[in-house]
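**Q**
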């Protein structure tokens, strides 16, 4: 009954790392913003940049999942 | 890795053989890619030539207006401060002036009082002096008239004693005067007149 | 595998009257308007949407800024808010106040175009995020790619630009290794991730919405009573995901513009 594609498992695996990474980035951002509320604006753009870099890996995973599914 | 590369390349190569719907979602449809370029180019030119210059102009004008407003406000504030300073200076000046005037008035007042007092004193002195002088004069007059009287009386007395009028002779010779002068100078003791009648004849 | 897709298409062609539920596939993003279904040069719906968005944005921007005044009108105020975000908190903060103004038109065009096209993904009559077709983000990425390399070569010269990729103060032994890494970053990873991030977010988000809605439809129309109740949950999820999509769409437009500015800034930087 269990169907699907093994590529989706690959995507699931590739999402673990970025998930942890993004969590760490925003934890650090919240910490920083709580300690120094005046630095919030600066921290925000840095946090988003970090989030974006970590997210890229998950996006690669997603895209590659489709590549292999279609192949 | 090797497998992935070969499959992807394989798909890329075989792209032409499949329908576009079956194609990989990560492979661009050339038509859409070109439309993307065209769309971006159109919008970019419009933004570049029209929108951004207009907005930048408005921003610059606004910044200038705000700056001008701030400068005006600063000027007004400076003016107000200057006026306040001026008023305060004037007030201070007026206060010192008033104090000076008050002091002067006080001084003048005391001077006037002193002067008045002096004048009054002088007047008093003068009056006293005049009175003294008057008294003196009166006394002198009294002395003179008394002397004349005494001379006349004594002459009358003497002429009554002598029997003939000595008046003219006495007047001529200033006998009484001399006698009285001698009496005043102390050369003849008044007691001697009473006790020694011979002395009067000497 | 291709038979899978064909059955999916068959199910789709039968407009959901089939007996079994087929999950939405990437094939559903292929939506030609003119030129026939199998013609790769067909004029597609997202192309039309993109051109429509260009017309809409251009009209709005020109209309709201033609008489740009010191005291803004309501339309000008809205435009200025967006413009101020791109100009001050992206361009000025990232590139630096010296020569950011040159790149503001590029960044502002990127931001508005991506934002409006992303938002089209949930706006009812269109409901198709243009950027979920990789051709469009790829076009934008290629423009960014060319721009930041040209800016770098102009600023540093050919050798100087290659040299500026390497961070200073490293031991000589690791320099070649670092150079290769940085080279890959500049020439492969950056454009690839820039393009795929925008595409992937829009594609996956839209696919998710499709999944919840088609599944809800299927369960409501073909399921038993219990399944009909579950379909309510599916629709609710679709609603929640739509709200989430708004956030993602805005964020992706912001990120694309921010990264463009960052790449230009790193090409302009004197020392890496």
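Protein chains in written order, with our numbering: chain A, 427 to 497; chain B, 19 to 220; chain C, 1375 to 1646. Glycine included, every Cβ here is placed at the ideal spot set by N, Cα and C. Source: prediction; values computed, not measured.
Using a Cβ cut-off of 9 Å, pull out every chain B residue sitting near residue 492 of chain A, in sequence order please.
**A** 42, 43, 44
**Q** Determine whether the Cβ of residue 222 of chain B lies closer than 8 Å to any Cβ atom of chain C.
**A** For chain B, the structure presents residues 19 to 220; residue 222 of chain B sits outside this window and is missing.
**Q** Pull out every residue of the segment 52 to 84 of chain B whose Cβ sits closer than 7 Å to any Cβ of chain C, in chain order.
**A** 53, 54, 55, 57, 58, 60, 61, 62, 64, 65, 66, 68, 69, 70, 72, 73, 75, 76, 79, 80, 83
**Q** Give the secondary structure of residue 61 of chain B by DSSP, where H, G and I count as helix, E and B as strand, and everything else as coil.
**A** helix
**Q** Taking 8 Å as the threshold (C-beta atoms), are residue 480 of chain A and residue 432 of chain A in contact?
**A** no
**Q** Does the beta carbon of residue 90 of chain B come closer than 8 Å to any beta carbon on chain C?
**A** At a cut-off of 8 Å, the C-beta of residue 90 of chain B has no neighbouring C-beta in chain C.
**Q** For residue 1417 of chain C versus residue 1505 of chain C, is the C-beta distance shorter than 8 Å?
**A** no
**Q** Residues of the segment 1399 to 1433 of chain C in Cβ contact with chain B at a cutoff of 8 Å, in chain order, please.
**A** 1400, 1401, 1403, 1404, 1406, 1411, 1412, 1413, 1414, 1415, 1416, 1417, 1418, 1420, 1421, 1424, 1425, 1427, 1428, 1431, 1432
**Q** Applying the criterion that 16 or more other CB atoms from any shown protein chain within 10 Å of the CB defines a buried residue, is residue 1613 of chain C buried or exposed?
**A** exposed
**Q** Determine, using beta carbons only, whether residue 488 of chain A comes closer than 8 Å to chain C.
**A** For residue 488 of chain A, the answer is yes, since a Cβ of chain C falls inside 8 Å of its Cβ.
**Q** Whole angstroms is fine: what's the gap from residue 1395 of chain C's alpha carbon to residue 1628 of chain C's?
**A** 37 Å
**Q** Starting from residue 1585 of chain C, trace the beta strand (DSSP E) in both directions and tell me its first and last residue.
**A** Taken as a continuous stretch (DSSP letters only), residue 1585 of chain C belongs to no beta strand (DSSP E), being part of the alpha helix (DSSP H) at 1564 to 1596.
**Q** Please decide whether residue 49 of chain B counts as near chain C, where near means a Cβ-Cβ distance under 8 Å.
**A** yes
**Q** Would you report the Cα separation of residue 1588 of chain C and residue 1397 of chain C, rounded to the nearest angstrom?
**A** 8 Å
**Q** Taking a Cβ distance cut-off of 7 Å, strictly less, list which residues of the segment 1502 to 1534 of chain C are near chain B, in chain order.
**A** 1507, 1508, 1509, 1510, 1512, 1513, 1514, 1517
**Q** Pairing CB atoms from the segment 1509 to 1524 of chain C with CB atoms from the segment 1559 to 1569 of chain C, are three or more of them under 8 Å?
**A** In short, these stretches touch, since the Cβ pair count reaches three.
**Q** Could you check what DSSP says for residue 1417 of chain C in three-state terms: helix, strand or coil?
**A** strand
**Q** So that I know if they touch, is there some Cβ in chain A lying closer than 8 Å to that of residue 1597 of chain C?
**A** no
**Q** Threshold first: 4 residues or longer. Then list the alpha helix (DSSP H) segments lying entirely within the segment 1391 to 1462 of chain C, N to C.
**A** Listed in chain order, they are 1419 to 1439, 1448 to 1458.
**Q** Below 8 Å, can you find three or more Cβ-Cβ pairs linking the segment 1594 to 1611 of chain C to the segment 1535 to 1547 of chain C?
**A** no
**Q** Would you check if the distance between the CB atom of residue 1631 of chain C and the CB atom of residue 1485 of chain C is smaller than 8 Å?
**A** Yes, Cβ-Cβ distance for residue 1631 of chain C and residue 1485 of chain C is below 8 Å.
**Q** Alpha helix (DSSP H) containing residue 1475 of chain C: first to last residue?
**A** Careful: residue 1475 of chain C lies outside any alpha helix (DSSP H) and carries neither H nor E.
**Q** Take every Cβ of the segment 1592 to 1599 of chain C, pair it with every Cβ of the segment 1531 to 1542 of chain C, and state whether three or more of those distances are shorter than 8 Å.
**A** Of all C-beta pairs linking the segment 1592 to 1599 of chain C to the segment 1531 to 1542 of chain C, fewer than three are shorter than 8 Å, placing the two stretches out of contact.
**Q** Apart from the five residues on each side of it in sequence, which residues of its chain come closer than 8 Å, Cβ to Cβ, to residue 1435 of chain C?
**A** 1453, 1486
**Q** Under 8 Å between the Cβ atoms of residue 469 of chain A and residue 455 of chain A?
**A** yes
**Q** CB-CB under 8 Å to residue 486 of chain A, same chain, minus the five flanking residues each way: which ones, in chain order?
**A** 440
**Q** Roughly how many angstroms lie between the CA atoms of residue 1420 of chain C and residue 1626 of chain C, to the nearest whole one?
**A** 18 Å
**Q** Please report the residue range of the alpha helix (DSSP H) in which residue 444 of chain A lies.
**A** 432 to 461
**Q** For residue 1704 of chain C and residue 59 of chain B, which I take to be in contact (beta-carbon distance under 8 Å), what is that distance rounded to the nearest angstrom?
**A** There is simply no residue 1704 of chain C to check, as chain C begins at 1375 and stops at 1646 in what is shown.
**Q** Between the Cα of residue 191 of chain B and those of B:202, B:173, B:111, spot the shortest distance and give me the residue it belongs to.
**A** B:173
**Q** Kindly indicate which three-state DSSP category residue 121 of chain B falls into: helix, strand or coil?
**A** DSSP places residue 121 of chain B in helix when its eight states are reduced to three.
**Q** Nearest by alpha-carbon distance to residue 1490 of chain C: which of C:1474, C:1456, C:1520 is it?
**A** C:1456
**Q** Would you say residue 1467 of chain C faces chain A, with C-beta separation under 8 Å as the test?
**A** yes
**Q** In angstroms, rounded to a whole number, what distance separates the CA positions of residue 92 of chain B and residue 85 of chain B?
**A** 10 Å
**Q** Tell me whether residue 61 of chain B is buried or exposed, calling it buried when 16 or more other Cβ atoms sit within 10 Å of its Cβ.
**A** buried
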